[in-house]
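Accompanying notes for the structure given below.
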Amino acid sequence: MKYAFDPEIASRLTSLESLDFIDYHAFRDAQRTSRATYTPATAVHKHDVAVPGSAGSPDVSVRV
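Positions in the sequence shown are counted from 1; adding 710 to them yields the working numbering.
Given below as structure tokens:
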């Protein structure tokens with residue numbers, strides 16, 4: 711099955727094929743290593759917005 715992954719992370723996903731998910735400790739170590747070396751290509755900007763709720767309902771906080 712083919713998936714449409716974000717090009718920025720697609721290359722990182724190919725390494726998953728070589729992991730042995732049965733060896734829990736090795737899998738967790740690989741996750742930690744992968745997380746430590748990943749640097750996004752662009753900075754992520756976020757801000758919080760209050761979106762009006764339905765009539766009689768409170769506003770909803772949304773992070774964009």
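Glycine included, every Cβ here is placed at the ideal spot set by N, Cα and C. Here the structure is a predicted model, which is why all the values come from computation and not from measurement.
From the options, pick the residue whose C-alpha is nearest to that of residue i; which is it?
| i | options | result |
| --- | --- | --- |
| R745 | A714, L723, V759 | L723 |
Bridge partners for residue i per DSSP, in chain order?
| i | result |
| --- | --- |
| D716 | Paired residues: none, contrary to the question. |
| S721 | DSSP, once it has assigned bridges, lists no residue as partnering S721. |
Would you check if the distance between the CB atom of residue i and the CB atom of residue j is smaller than 8 Å?
| i | j | result |
| --- | --- | --- |
| E718 | A740 | no |
| V759 | V774 | yes |
Among the residues of its own chain, which have a CB less than 6 Å from the CB of residue i, if the five just before and after it don't count?
| i | result |
| --- | --- |
| V770 | V761, G763 |
Excluding the five sequence neighbours on either side, which residues of its own chain have a C-beta within less than 7 Å of the C-beta of residue i, listed in chain order?
| i | result |
| --- | --- |
| K756 | R773, V774 |
| F715 | L723 |
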